[in-house]
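Using the numbering used here, the letters of the sequence shown correspond one by one to residues 42 to 140.
Don't be surprised by glycine CBs; every beta carbon is placed ideally from N, CA and C.
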Amino acid sequence: MSSLNPAAKTLYYRITQHRSSIGVPVKTRAVLQAFGLKRRNQVVYAKVSPSSASSLTKIKELVKVELSEEKKTKEEVNQERKFAKGFEVIKNGTLKVYD
42 MSSLNPAAKT LYYRITQHRS SIGVPVKTRA VLQAFGLKRR NQVVYAKVSP SSASSLTKIK
102 ELVKVELSEE KKTKEEVNQE RKFAKGFEVI KNGTLKVYD
C-alpha cells in the first residue's frame, strides 16, 4: 500500500485547457467547470486519483495533461510565463558582415 507510506510524494495532474468549450455538450462543459477551467491556456492542478483520471478522459480532446510533483499557485504559474526583467547584451549579435 503505497498510499500509507509517508515518504511517498503526492503527484498532481497539471491540466491546461487548449481548446474552447464553445459547441461542446453540456456534460463536457460541466466537467471543465468541475476542474475550474474557464478559458483557454488556463492551468489548474488536480491530485492524481482514479476519479480525476476518469473525468479527464471525458475532456481529453480539450486539455493537455502533464504529471507534476508539486502544485503551483496562480502567481507561480504566471511568473514562469513571463520573461526575465531587463535585457541582455549580445556582443556582435546584430553585426552583419558583408563580403
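Alpha-carbon spacing of residue i relative to residue j, whole angstroms
{"i": "Met42", "j": "Phe124", "result": "The pLDDT assigned to Met42 is 45, lower than 50, so where the model puts this residue is not dependable; a value taken from the coordinates is nonetheless given after this. If I take the Cα positions, the gap works out to 43 Å."}
{"i": "Thr57", "j": "Lys132", "result": "38 Å"}
{"i": "Lys50", "j": "Ser62", "result": "33 Å"}
{"i": "Arg70", "j": "Lys126", "result": "38 Å"}
Beta-bridge pairing of residue i - partner residues as DSSP gives them
{"i": "Arg55", "result": "Tyr86, Glu107"}
Pick from the options that is closest to residue i, judged by C-alpha positions
{"i": "Pro91", "options": "Tyr54, Ala71, Val67", "result": "Tyr54"}
{"i": "Leu97", "options": "Arg80, Lys112, Gln74", "result": "Gln74"}
Residue i CB to nearest heavy atom of the ligand FAD below 7 Å
{"i": "Lys112", "result": "The ligand FAD is absent from the structure shown, which contains no ligands of any kind."}
Kindly confirm or deny that the stretch 92-104 and the stretch 112-128 touch, where touching means at least three C-beta pairs closer than 8 Å.
no
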